[in-house]
Amino acid sequence: MNKYTYIDLFAGCGGLSLGMNQSGWKGLFAVEKSPYAFLTLKTNLMKKLDHFNWPEWLPQTEQDINSMLENHKEDLLKLRGNIDLVAGGPPCQGFSTAGRRIESDNRNQLIDSYISFIRLVQPKLIFFENVRGFTQRFKKNKSNGFRYSEYVKKALEKDGTDFSGYKVYGELVDFSDFGVPQKRTRFILIGIRKDFSNVLNPENFFNIITKNREFFFAQKLINKSTSVKDAISDLYKSKVRVECPDSKSFETTCYTKEVSLYQKYLRKDYKKRIPDSHRFTKHGKQTISLFEKLIENVPKGRRINQEMKEKFGLKKRGLIVLDPNKPAPTITSHPDDYLHYGTPRILTVRECARIQSFPDWFEFKAKYTTGGKQRKHEVPRYTQVGNAIPPLFSEQAGNALKEMLDYEQTNI
457 MNKYTYIDLF AGCGGLSLGM NQSGWKGLFA VEKSPYAFLT LKTNLMKKLD HFNWPEWLPQ
517 TEQDINSMLE NHKEDLLKLR GNIDLVAGGP PCQGFSTAGR RIESDNRNQL IDSYISFIRL
577 VQPKLIFFEN VRGFTQRFKK NKSNGFRYSE YVKKALEKDG TDFSGYKVYG ELVDFSDFGV
637 PQKRTRFILI GIRKDFSNVL NPENFFNIIT KNREFFFAQK LINKSTSVKD AISDLYKSKV
697 RVECPDSKSF ETTCYTKEVS LYQKYLRKDY KKRIPDSHRF TKHGKQTISL FEKLIENVPK
757 GRRINQEMKE KFGLKKRGLI VLDPNKPAPT ITSHPDDYLH YGTPRILTVR ECARIQSFPD
817 WFEFKAKYTT GGKQRKHEVP RYTQVGNAIP PLFSEQAGNA LKEMLDYEQT NI
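The sequence shown begins at 457 in our numbering and counts up by one.
Written as C-alpha cells, this is what we have:
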C-alpha cells in the first residue's frame, strides 16, 4: 500500500489528522495557532501515534500560518513536488450562520493566507473544509454579495508564472450520512493540480466516499445512522458518583454497559473505568429546576421558541434539548447550547466528543472553562471538540483521497 504525505492546516485538536492516520496517511506537520488545541494534538497524534515526520526546521509547537509564511518561505518552497495533499480549512466563525456572521471578521482574511500557502507548496491534492455559510453571500456588502467559496475556487483555478492552478469542485456534505451522530453540514472542496493528472476529476471524491460508506460501516461494525442515545447513553450519570480525576472538586461517573455498536466501537481501545474529560458541571438549584422543566415540556431536538422562553423565563438566545432518538444538531464550541435529553445538565466534553466521533482513548488537554464572566468566551476543551472535523468522516475522506491517488498511479 502506498503511504502518502499530507500537511494539516488549521489543524485544531487533531480530528482531521486522526482520521487521516486511521486511513493510512502519514503527516509531515500540522499548523495550529491555539496552544490548547496544539497540546491536545501533540498528546494524541505525536506522542501516542507518532503520526508526523516533523521537519527539523519547524518547531514542534503552536504556529500561526502568517508567521510560518513569513519565517519559513524558503523551507516551504523546498516541499514542492513532495507533498501529496494539503488538508484543512481556516476558522469558520466569521462565515458561520450559527454566529453573528461578520464579513469584516479578521479571521476571514486567513483565506488569503491559505491560498498563499497552497501556491508555495503546490500539493497534488487539496481537501478544504468549512461551514455551510462559506457558500452563502454576505447580504450587507457590495453589489450582489460575496461568496467566499467562489473566491477560493477562482483563486485556486487561476494559473500563474510558476503555478499551474487546480481543477476544483465542491459540495455540501451532511456528516450524519457518514455515520456521525450529528446533523453537521459542511462545505467540502477538492482540488487536483492541473499539471499532475489528466485522469482524475475532483468530483470523483464525492462519488467514491458515497460508494464506499456501506463497506466502511460493515468494516467498523457500526450502523449507518446513529442517534444521540446510541452515542452517549453509557455516559449517563450512574448511581456511583466519583471524583473527576482531572478536576478534584467536581464529580464524574463510571461507564455503564455498552448498549450500541457505536459505543463499543469508540470504547474498544480504552480500558479505564472512568471516561476522560467527563466532568459534570455544577449547576445551581434554580438552574437545575429550570432544566428539569425544559426537558419535560419543550420539543426535543429543536431550538426553544420565543413562547417557551417567555413561559419559563429563559434568557439565553439559543438552547436545544437533545432528542435521544435522532442525530444531534451541529455541536458548537460552547457547552451551554444543548441540554442532555434525560438529566438536567449541559453535556460533558466527552459526550460532545462522542457526538463528534472521537474515540474514548483520545485525551483533551487544557482547561474545561475559564469560569466567571470570561466563561462566555473561553471554554478550551469544548472549543477544541466543537471546532473539529469528526474523525469518522475524515477517515472516510482519507480513504477516498488515497483511492484517487492510487488510481492515478496505475493509470499514468
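The C-beta atom is built at its ideal place from N, Cα and C for all residues, glycine as well.
- Put simply, the backbone Cα of Ala856 is about 13 Å away from that of Phe634.
- Annotation: Lys713 is outside any beta strand (DSSP E) and is labelled neither H nor E by DSSP.
- The stretch 605-624 and the stretch 666-683 do not touch, with fewer than 3 CB-CB distances between them shorter than 8 Å.
- Excluding sequence positions up to five before and after Phe583, its CB lies within less than 7 Å of the CB of Leu541, Ala543, Ile646, Ala853 and Leu857, all in the same chain and listed in chain order.
- Taking 8 Å as the cut-off, the beta carbon of Thr517 is found no closer than this to the beta carbon of Lys821.
- The stretch 840-848 makes no contact with the stretch 654-670; the number of CB pairs closer than 8 Å stays below 3.
- The beta carbon of Gly475 sits closer than 6 Å to the beta carbons of Pro847, Ser850, Glu851 and Gly854 from its chain, once the five residues preceding and following it are set aside; these are given in chain order.
- Annotation: the continuous beta strand (DSSP E) that includes Asn586 extends over Leu581 to Val587.
- Per DSSP, the unbroken beta strand (DSSP E) holding Ile644 starts and ends at Thr641 to Arg649.
- The beta-carbon separation of Val487 and Leu532, rounded to 11 Å, does not stay under the 8 Å limit for a contact.
- Look at Glu864 here: in three-state DSSP terms it is helix.
- Going by DSSP, Asp531 is part of the alpha helix (DSSP H) stretching over Lys529 to Leu533.
- When C-beta atoms of the stretch 775-782 are compared with those of the stretch 750-763, three or more pairs fall below 8 Å, so the two segments count as touching.
- Along the stretch 623-693, the alpha helix (DSSP H) occurs as fully enclosed runs of 4 or more residues at 660-676 and 684-688, listed in sequence order.
- Residue state for Thr708 is assigned as strand, using DSSP reduced to three classes.
- By the Cβ-count criterion, Phe818 is buried, with 16 or more other Cβ atoms from all chains shown falling within 10 Å of its own Cβ.
- Contact check for Thr461 against Ile521 fails: the beta carbons are separated by 8 Å or more.
- Minimum Cα-Cα distance from Met502 among the listed residues Leu514, Trp513, Phe485 and Ala611 corresponds to Phe485.
- Excluding its 5 nearest sequence neighbours in each direction, Tyr838 has C-beta neighbours in its own chain below 8 Å: Ser789, His790, Pro791, Val805, Cys808, Tyr824 and Thr825, listed in chain order.
- Looking only at Ser572, Gln638, Glu627 and Arg642, the smallest Cα-Cα distance to Ala611 is reached by Ser572.
- Around the beta carbon of Lys580, a 10 Å sphere encloses 16 or more other beta carbons of the protein chains shown; the residue is thus reported as buried.
- The Cβ-Cβ distance between Val698 and Thr712 does not fall below 8 Å.
- Non-local beta-carbon contacts of Glu714 in its own chain, meaning distances under 7 Å to residues more than five positions away in sequence, involve Asp690, Lys720 and Arg723 in chain order.
- With a threshold of 16 other beta carbon atoms within 10 Å, Asp793 meets it and is buried.
- Annotation: Arg697 is outside any alpha helix (DSSP H); the continuous beta strand (DSSP E) that includes it extends over Arg697 to Cys700.
- With 16 or more other Cβ atoms from the protein chains shown falling within 10 Å of its own Cβ, Ala493 counts as buried.
- DSSP lists Gly483 and Leu541 as the bridge partner or partners of Tyr462.
- Here the C-alpha atom of Leu861 lies approximately 26 Å from the C-alpha atom of Cys469.
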